[in-house]
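Note that the numbering used here has the sequence shown beginning at 2, numbered continuously upward.
Encoded as structure tokens, the structure appears first; notes follow it.
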Amino acid sequence: MRGTPAYGLLVPGAVVAVALGATGVSLPVGGELDPEEESLLVSTLLIGLVDGFNPCSLWVLTVLLGVTVRAGREKVLAVGLTFLSVTALIYGLFIAGVLSVFSYVSHLDEIRLAVAGFALAFGVVSVKDFLAPDWGFSFSIPESHRPGLYDRIRTVLRTDGLLSTVGATALLAAGVALLELPCTSGLPLAWSNLVAASDPSTPVYVGLLATYVLTYLSVELVIFGVAVVTLDRIRYDKRRGRVLKLLAGTVMLGLGGALLVDPTAIENVRAMVGLFAGAVGTTALVSWLFHRTGRL
């Protein structure tokens, strides 16, 4: 990369250095990017990272690891790696399918407006889940499905033999990945529309998709790594889930508003960084106020 980097972001498998206003950023797959595609890379990293803090997926992973840590490091490794690999594969295929559709229709204003409307609706519901988690419609995994997930997780723990454990975990991961798609579809939908509208070359498209999935996965990889090293239960409670919902909701409201009012704003590096910084700041402030008043 030429120029002085403003900051660096570590993605599993590759270090992507991003400079505001610099040129010559390279993807791990896809080669060197031009300035317009650099903005797309920043958006990919930011959206993928926020998407990684997905309450539904983190809840399932922490429960799964919490149940298996007592079975020893070998079983934690087998269960964790299988779960992450299968969910990442299904999630990647889902995003690739959405991208394929958008690549044909992204030039239509109606599609942009529809995506903006969905993003705004997703954002409103996510913020509502923070303000009133037990009221109204939600994209979260329904409470009625959770006892069944617990039973399937216990089945994984009771399975004898490494291959049997891997197979049972793969089936569990596939079912969970499909079940939680409504919980996490908002951010990849907005990102897919952004990528399709930019019409990158096939190598760059593949590189961006890989970067998105790896960045999304990085949050869960950290949790998994902690569980493997410490063999301790990772605690994930409803309060943390509400905060993550608020973060995702504010990001979606910002992206939806930008798509609706000024689509070119999300093609600007500084605007995207400002949007996400504002979402993080708003989430921190509102969460602090709710904590101080005993509502969180």
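Idealized CB from N, CA, C, for every residue including glycine.
- Taking the C-beta atoms as reference points, L85 is found no nearer than 8 Å to V77.
- If you keep only unbroken beta strand (DSSP E) runs of at least 3 residues inside the region 202-263, you get nothing at all.
- Look at T170 here: in three-state DSSP terms it is helix.
- Apart from the 5 residues on each side of it in sequence, A272 sits with its Cβ closer than 7 Å to the Cβ of A266 in its chain, given in chain order.
- Taking 8 Å as the upper bound for CB-CB distance, F123 and M253 are in contact here, some 5 Å apart.
- The three-state secondary structure of W136, taken from DSSP, is coil.
- Under the 10 Å beta carbon count, A278 is surrounded by fewer than 16 other beta carbons and is classified as exposed.
- If you draw a straight line from the Cα of P148 to the Cα of A249, it comes to about 26 Å.
- In the three-state reduction of the DSSP assignment, S141 falls in the coil class.
- Boundaries of the alpha helix (DSSP H) around G81: R74 to V106.
- Secondary structure at R159: helix, using DSSP grouped into helix, strand and coil.
- In this structure, the CA atom of E181 is about 26 Å from the CA atom of L232.
- Here DSSP, grouped into helix, strand and coil, assigns N194 to helix.
- For the pair of segments examined, the region 166-184 was found to touch the region 51-70: the number of CB pairs separated by less than 8 Å reaches three.
- Shown here, S58 sits in a helix according to DSSP, grouped into three states.
- Using a C-beta cut-off of 8 Å, the region 164-181 makes no contact with the region 192-207, since fewer than three inter-stretch Cβ pairs fall below that distance.
- Between A79 and T166, the beta carbon gap of about 5 Å places them in contact (Cβ cut-off 8 Å).
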